[in-house]
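Undergrad: Please see the structure below; I have some questions.
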Amino acid sequence: MRPPSLLHRASPSSARFVRLSSQSQPALGSRFTLQQPCIRRQFSQGRAQCAQAVGGTVMRQNRAAQQSREVAMKEQLKYMDRESFPDDFGLLPGTFIRPVWSNLPSIFKDPKGRLKLEWAWLKSRTVNLFGLGSFFYILKGCFNDKLYKRFYGRKAAAKKLHKEMYTALAAGDKATIERICCIGLKNDFFRRIAKRPPRSAPFVWQLHSYVGFPKNTMIGGARVVSDRGTSIPVIKETGVRQIVVRIQSKQSLEKPVTAGKAQESAASKERKAQVSTEYVVLQKLVFKGVEDAQWKVWGLAKETDLETLATDPHFGPGLSLNEQVQGMTGKSL
Numbered sequence: 162m163r164p165p166s167l168l169h170r171a172s173p174s175s176a177r178f179v180r181l182s183s184q185s186q187p188a189l190g191s192r193f194t195l196q197q198p199c200i201r202r203q204f205s206q207g208r209a210q211c212a213q214a215v216g217g218t219v220m221r222q223n224r225a226a227q228q229s230r231e232v233a234m235k236e237q238l239k240y241m242d243r244e245s246f247p248d249d250f251g252l253l254p255g256t257f258i259r260p261v262w263s264n265l266p267s268i269f270k271d272p273k274g275r276l277k278l279e280w281a282w283l284k285s286r287t288v289n290l291f292g293l294g295s296f297f298y299i300l301k302g303c304f305n306d307k308l309y310k311r312f313y314g315r316k317a318a319a320k321k322l323h324k325e326m327y328t329a330l331a332a333g334d335k336a337t338i339e340r341i342c343c344i345g346l347k348n349d350f351f352r353r354i355a356k357r358p359p360r361s362a363p364f365v366w367q368l369h370s371y372v373g374f375p376k377n378t379m380i381g382g383a384r385v386v387s388d389r390g391t392s393i394p395v396i397k398e399t400g401v402r403q404i405v406v407r408i409q410s411k412q413s414l415e416k417p418v419t420a421g422k423a424q425e426s427a428a429s430k431e432r433k434a435q436v437s438t439e440y441v442v443l444q445k446l447v448f449k450g451v452e453d454a455q456w457k458v459w460g461l462a463k464e465t466d467l468e469t470l471a472t473d474p475h476f477g478p479g480l481s482l483n484e485q486v487q488g489m490t491g492k493s494l
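Remember, the numbering used here sits 161 above the position in the sequence shown when you count from 1.
Following this line, the structure appears as structure tokens:
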């Protein structure tokens, strides 16, 4: 079992890009008026025909109202500028985060579960390639440059933002949080900072070292486990790219020192440090063909386990590879 992050924030559930509020329905009598000739029929037959007519009318009204709301929302999004465009879309649906070796099901004790995870991982890699292709396609002049350059610096950016994020949260540095965090994570951090006592001394978060595989700091302690992208069809040449980087580090959190209490030594802080494994999600937007210059931190994510495969509809057994690709890119294989 890996210890939780010192400042771990539970990742929000995957948020939908457009949320449609349900419309209240009028009373039954005000919806329609049934005018039928007086014919002789059985009582049960009349009730059934009436219920069928009511159900059809209500469904048509609800469908028309929903379509009108969707059209209005799409028109509103078309004329948005970059400053007013939201940057928190939640974790992209179907993101597979491969667990560390110790958390994988045993191939001997649970071969069926292990093979299920491995197959889901292989399918996700294929879907990710098509998703990144659709994302790079909307970039102006993307294929004029060497494409492999867009995969450079992902781990370095994740480690840098990971350190800046926790340092700013501990110190209550709102300016840095607003600069490097997406709006959902930013608002959550601001609420946590506001709950601290006024004029209290800041916390001090310290990164002692990175932990590689298995316990080797020479490898770097960071690994990209997911790289996904998709276009947003509502707005032309607009899309989002998310990468998930696993960071294993040894870190400590120093609380404000009260009066009359001696400052801890560096050796004492090192002994109290905890080894943490975190999955940091970075995000970058392309808005009308213009790509963001810097990555932003969306938040933290969890490993994909067998329970996730059983409950998440994007990993459902009836969902084929072609359907998953079509869901990410809007096009079939």
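Where a beta carbon is used, it is the ideal one built from N, C-alpha and C, also for glycine.
1) Give the DSSP-derived three-state secondary structure of residue 440 in the structure shown.
2) How big is the Cα-Cα spacing for residue 435 and residue 371?
3) Mark residue 358 as exposed unless 16 or more other C-beta atoms lie within 10 angstroms of its C-beta, in which case mark it buried.
4) Tell me where the beta strand (DSSP E) around residue 288 begins and ends.
5) Could you tell me which uninterrupted alpha helix (DSSP H) segments, each at least 4 residues in length, are contained entirely in the region 331-412, listed from first to last along the chain?
6) For residue 416, which option in 272, 328 and 364 has the closest C-alpha, if you only look at C-alpha atoms?
7) Could you check how far apart the C-beta atoms of residue 414 and residue 274 are, in whole angstroms? I think they sit under 8 Å.
8) Three or more C-beta pairs closer than 8 Å, one from the region 264-273 and one from the region 387-402: is that the case here?
9) Under a three-way DSSP split, which group does residue 325 fall into?
10) To which residues does DSSP link residue 460 through a beta bridge?
11) Cutting at 8 Å between CB atoms, please list the residues of its own chain near residue 470, excluding the five before and the five after it.
12) If I measure Cβ to Cβ from residue 316 and keep anything under 8 Å in the same chain, skipping five residues before and after, which residues do I get?
13) Leaving out five residues before and five after residue 323 in sequence, what residues of the same chain have Cβ atoms less than 6 Å from its Cβ?
14) Can at least three beta-carbon pairs, one atom from the region 319-337 and one from the region 280-296, be found at a separation below 8 Å?
15) Quick check: what's the CA-CA separation for residue 312 versus residue 296?
16) Does DSSP classify residue 476 as helix, strand or coil?
17) DSSP on residue 312, reduced to helix/strand/coil?
18) Do you know whose CA, among 474, 453, 451 and 444, lies nearest residue 251's CA?
19) Is it right to say residue 402 is buried, meaning 16 or more other beta carbons lie within 10 angstroms of its own, or is it exposed?
20) Under three-state DSSP, which class holds residue 253?
21) For residue 474, count neighbouring Cβ atoms within 10 angstroms of its own Cβ and tell me buried if that reaches 16, exposed if not.
22) Nearest to residue 465 by alpha carbon, out of 254, 333, 242 and 456?
23) Residues in the same chain with beta-carbon distance under 7 Å from residue 438, minus the five sequence neighbours each way, listed in chain order, please.
24) Quick check: what's the CA-CA separation for residue 389 versus residue 320?
TA: Taking the definition as stated:
1) strand
2) 11 Å
3) exposed
4) Here residue 288 belongs to no beta strand (DSSP E); instead the alpha helix (DSSP H) covers 272-298.
5) 335-341 and 344-355
6) 364
7) Wrong, their Cβ atoms sit about 36 Å apart, outside the cutoff.
8) no
9) helix
10) 442
11) 277, 278, 281 and 476
12) 381, 383, 384, 385 and 406
13) 408 and 441
14) no
15) 13 Å
16) helix
17) helix
18) 444
19) buried
20) coil
21) exposed
22) 254
23) 163, 261, 407 and 409
24) 19 Å
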